[in-house]
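Protein chains in written order, with the numbering used here: chain A, 1 to 276; chain R, 277 to 590.
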């Protein structure tokens, strides 16, 4: 168990979150390509999970009792790589190799390349189904690990997400918590303009999920939601985390240009100044 | 025609046996368990059976999640729906991470018959052959089906097994031993080689017997492991018989014909004729009517052998 970190205070978590943001901007800047916006919006979610909520052993990535984190929106790989490195799965010195030939850090997550990555992703909409499989295996094995799956709100336009939503409730899987990083933006613009997913929480409720809505940048709310999710029995829980795309860097916040574009060196410098 | 038996029954009963032997075997279906015959397993092991409803994408990714957690999932539906409805899930969730998922489909090819073109899977082998690392097996009869399913369960990695709806002539008896990755020589011969898969293996044998009576000595190979294909057997056929006919219930592009031609062209070019569907969809009809219409018959194979012999460089 990752016992050293579970006692971290909110202030300490905020310090880690800042470190993750610096990692993300730096590695994507070095790579010259990548997706900063959706990594930055998910920083608090991923920090809370890896440094407070999940039971895991960075020195034993395949520990069978570990809680699983499944990144369904595989393009947000940098936030996961940063959390894994800062947790100790691999040296932080590897982060600048992101997307480079020969690197263990693929452009989109690859479970055979990177210690701690549970799923190969990149084509949206598959992670929730994959997580159901992991949760069902845990049920059959009488293990009590929990599965946390991070989705984007744009990703929820994929039909498979709703196939999975239906199935998770049908199979009464209460060891699965989905988190939707609801930053409201997708490549072509605002989600509400491209393909409106509202009423969003009501959809999950109608599919049989316990639904919690929070500010996805507020650690107290995140931790409270994760605690509540573990107490819900007989159905899965979704945490709809309202977030800001590009959070923490003034010129990236709510700026769709930074969905899939790397900052140039001057922008990296400016971003790091803001993250001190 | 000899005795016939059901490929699907053989699959369902083998799954049931495997379920008794290995608690890690789990089965998924997409609302077709009484057609794919996974219901034998479902009845006996309800806690290890997951009916995903009519949602093939979800089924395949769930299977991948089970596989990465140490289970041995068999996921079944009709061959038109997997890979048809879930190719990307097979590609990203299963093939790229090379997970231990077994996709076993039924109702492949034209012999689904009356349901018509939407239900006649004639492209599935092309799609599945394109995925690096997948093992593909097209059994010739019920006996080979049972052994292929067992082989898939005990060999790690992604497998696609393609079965058909109708019963098929038994090519083998219980003494047969399926050998993964090896063509099975059903008849020796030196004038030409007929390489067949699935339901076309029995007609291939019959065609060779008819031709023998007319003085043409054909070798017959059952290429049940379509991928990785037995290059050695194909090379020997090319070198020793100098002419090849392929026979399959699939389009000629991307199936057995393409795979054999690929090997022949690279190693020892000889004329190849393909008994297969040619760039067309079929219609509703009785299986026998459809096979007749597109020449996927004993007679069609014999004619292909005659054509290839005319092209043969002596």
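Where a beta carbon is used, it is the ideal one built from N, C-alpha and C, also for glycine.
Treat the numbers as computed from the prediction; the structure is a model and nothing was measured.
Residue(s) in a DSSP beta bridge with residue i
| i | result |
| --- | --- |
| residue 90/A | BP columns for residue 90/A are empty, so no partner. |
| residue 108/A | Paired residues: none, contrary to the question. |
| residue 436/R | 379/R and 412/R |
| residue 237/A | 177/A and 210/A |
| residue 289/R | Partner(s): none; residue 289/R has no beta bridge. |
| residue 549/R | 521/R |
| residue 221/A | Paired residues: none, contrary to the question. |
| residue 384/R | 397/R |
| residue 460/R | 498/R |
| residue 186/A | 189/A |
| residue 215/A | 242/A |
Buried or exposed by the 16-neighbour rule on C-beta atoms within 10 Å, applied to residue i
| i | result |
| --- | --- |
| residue 515/R | exposed |
| residue 265/A | exposed |
| residue 485/R | exposed |
| residue 130/A | buried |
| residue 257/A | exposed |
| residue 227/A | exposed |
| residue 204/A | buried |
| residue 60/A | exposed |
| residue 554/R | exposed |
| residue 114/A | buried |
| residue 521/R | buried |
| residue 50/A | buried |
| residue 6/A | exposed |
| residue 34/A | buried |
| residue 186/A | buried |
| residue 67/A | buried |
| residue 154/A | buried |
| residue 466/R | exposed |
| residue 62/A | exposed |
| residue 54/A | buried |
| residue 13/A | buried |
| residue 460/R | buried |
| residue 332/R | buried |
Three-state secondary structure (DSSP) of residue i
| i | result |
| --- | --- |
| residue 61/A | coil |
| residue 582/R | helix |
| residue 303/R | strand |
| residue 119/A | coil |
| residue 16/A | helix |
| residue 193/A | helix |
| residue 352/R | strand |
| residue 75/A | helix |
| residue 318/R | helix |
| residue 443/R | strand |
| residue 361/R | coil |
| residue 283/R | helix |
| residue 573/R | coil |
| residue 66/A | coil |
| residue 469/R | strand |
| residue 242/A | strand |
| residue 294/A | Not covered by the structure: residue 294/A. The range shown for chain A is 1 to 276. |
| residue 334/R | helix |
| residue 327/R | strand |
| residue 199/A | coil |
| residue 101/A | coil |
| residue 453/R | coil |
| residue 1/A | Legend: pLDDT at residue 1/A = 48, less than 50; position of this residue unreliable, value from coordinates given subsequently. Looking at residue 1/A - three-state DSSP - the assignment turns out to be coil, as it is neither helix nor strand. |
| residue 557/R | coil |
| residue 417/R | coil |
| residue 30/A | helix |
| residue 125/A | coil |
| residue 54/A | coil |
Amino acids of chain D, ordered along the chain, whose beta-carbon sits closer than 7 Å to that of residue i
| i | result |
| --- | --- |
| residue 289/R | In the structure shown, chain D does not exist; the protein chains are A and R. |
Contact test: residue i Cβ vs the ligand COA heavy atom, cutoff 8 Å
| i | result |
| --- | --- |
| residue 299/R | Among the components modelled here there is no ligand, and therefore nothing to report on the ligand COA. |
*Should the segment 432–445 of chain R be called in touch with the segment 289–306 of chain R, which here means at least 3 C-beta pairs below 8 Å?*
The segment 432–445 of chain R is not in contact with the segment 289–306 of chain R.
_For the structure I just gave you, are there three or more beta carbon pairs, one from the segment 489–500 of chain R and one from the segment 463–476 of chain R, closer than 8 Å?_
Result yes; three or more Cβ-Cβ pairs closer than 8 Å.
*Go through the segment 132–181 of chain A residue by residue and report every complete run of the beta strand (DSSP E) that reaches 3 residues or more, in order.*
As far as the segment 132–181 of chain A is concerned, its whole beta strand (DSSP E) runs of at least 3 residues are 147–152.
_With three or more C-beta pairs closer than 8 Å as the rule, is the segment 311–323 of chain R touching the segment 356–367 of chain R?_
No, the segment 356–367 of chain R does not touch the segment 311–323 of chain R.
*Examine the Cβ distances between the segment 202–213 of chain A and the segment 231–239 of chain A and report whether three or more of them are shorter than 8 Å.*
Output reads yes: the segment 231–239 of chain A touches the segment 202–213 of chain A.
*Are three or more beta carbon pairs between the segment 316–331 of chain R and the segment 291–300 of chain R nearer than 8 Å?*
Output reads yes: the segment 291–300 of chain R touches the segment 316–331 of chain R.
_My parser needs the alpha helix (DSSP H) runs of 4 or more residues fully inside the segment 477–527 of chain R; what are they?_
Whole alpha helix (DSSP H) segments, 4+ residues: 477–489 and 507–517.
*If we count Cβ pairs, one from each stretch, closer than 8 Å, do we get three or more for the segment 25–33 of chain A versus the segment 98–108 of chain A?*
Output reads yes: the segment 98–108 of chain A touches the segment 25–33 of chain A.
*Determine, using beta-carbon pairs with one atom in the segment 377–388 of chain R and one in the segment 557–569 of chain R, whether at least three such pairs fall under 8 Å.*
Touching, yes.
*Between the segment 402–422 of chain R and the segment 331–351 of chain R, do at least 3 Cβ pairs fall closer than 8 Å?*
No, the segment 402–422 of chain R does not touch the segment 331–351 of chain R.
*Looking at C-beta atoms only, is the number of pairs between the segment 247–257 of chain A and the segment 71–79 of chain A that lie closer than 8 Å three or more?*
Counting C-beta pairs with one atom in each stretch, the segment 247–257 of chain A and the segment 71–79 of chain A have fewer than three that are closer than 8 Å, which means they do not touch.
*Could you say if the segment 406–422 of chain R and the segment 446–460 of chain R meet the contact criterion of at least three C-beta pairs nearer than 8 Å?*
For the pair of segments examined, the segment 406–422 of chain R was found to touch the segment 446–460 of chain R: the number of CB pairs separated by less than 8 Å reaches three.
*Contact between the segment 165–178 of chain A and the segment 375–383 of chain R: three or more CB pairs below 8 Å?*
Touching, no, given that fewer than three Cβ pairs across the two stretches are closer than 8 Å.
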